[in-house]
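What follows is a short report on a single structure.
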Amino acid sequence: MSLIKFNRRFPMFDAMFPEILDTDRLFNEDLVLKDNWVPAINVKENKNDFEIEVAAPGFSKKDFEVTITDEILTISAENKNLKEEKEKDYSRKEFYYNSFKRSFTLPKVIDFKKKIDAKYENGVLKIHLEKLDVLKNEEHKKVIEIN
Numbered sequence: 001m002s003l004i005k006f007n008r009r010f011p012m013f014d015a016m017f018p019e020i021l022d023t024d025r026l027f028n029e030d031l032v033l034k035d036n037w038v039p040a041i042n043v044k045e046n047k048n049d050f051e052i053e054v055a056a057p058g059f060s061k062k063d064f065e066v067t068i069t070d071e072i073l074t075i076s077a078e079n080k081n082l083k084e085e086k087e088k089d090y091s092r093k094e095f096y097y098n099s100f101k102r103s104f105t106l107p108k109v110i111d112f113k114k115k116i117d118a119k120y121e122n123g124v125l126k127i128h129l130e131k132l133d134v135l136k137n138e139e140h141k142k143v144i145e146i147n
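Pasting the structure below:
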């Protein structure tokens, strides 16, 4: 939904050109967000841990920052490249810039005292989070009696 609604003076144009005049679509779809890339993320919960995979090809390990603040996991990366080619009478420079930031609220079962592993291989960042030992061995299921 757009923040500003326009007063339509010619409603017949709305019917004839709905996609052009629809400001909601204009600002929420590819026209503005075309360069805003967000990587695909898989989250897998196992009995003893969580595994998070971030598909982010084209980055290197030094481009990433993974932090946990107040039980919020933030994964961000920034990649800047400058390519310069010089030939006889001209010079050409090409800039490449790519970044993203994703945040997730972690469940209370994460053991923050244990080492949290992160590894970047073949374009995929893998983060490993251990569960609390107390919760690993217990089944947390409560059966509620229906009266």
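Residue numbers for the sequence shown follow full-length UniProt numbering, beginning at 1 and rising by one. Each residue gets a CB set at the ideal place from its N, CA and C atoms; glycine is no exception.
DSSP places Asp117 within a strand segment (E or B) once states are collapsed to three.
Rounded to whole angstroms, the separation of the alpha carbons of Ile144 and Phe112 is 31 Å.
In chain order, Glu65, Lys101 place their CB closer than 6 Å to the CB of Ser76, counting only its own chain and leaving out the 5 sequence neighbours on each side. By the CB criterion at 8 Å, Lys126 and Glu78 fall outside the cutoff. Annotation: Asp63 to Glu71 spans about 23 Å, alpha carbon to alpha carbon.
When C-alpha distances from Ala40 are compared across Tyr120, Ala55, Phe104, the shortest belongs to Ala55. A Cβ-Cβ contact shorter than 8 Å links Ile116 with His128.
In this structure, the CA atom of Thr67 is about 16 Å from the CA atom of Phe50. With fewer than 16 other Cβ atoms inside 10 Å of its own Cβ, Tyr97 counts as exposed. DSSP lists Ala55, Glu121 as the beta-bridge partner residues of Val124. Between Glu130 and Asn42, the C-beta gap is not smaller than 8 Å, which leaves the two residues out of contact. Straight-line measurement puts the Cα of Glu87 at about 37 Å from the Cα of Val124. The Cβ atoms of Leu106 and Leu132 lie no closer than 8 Å to each other.
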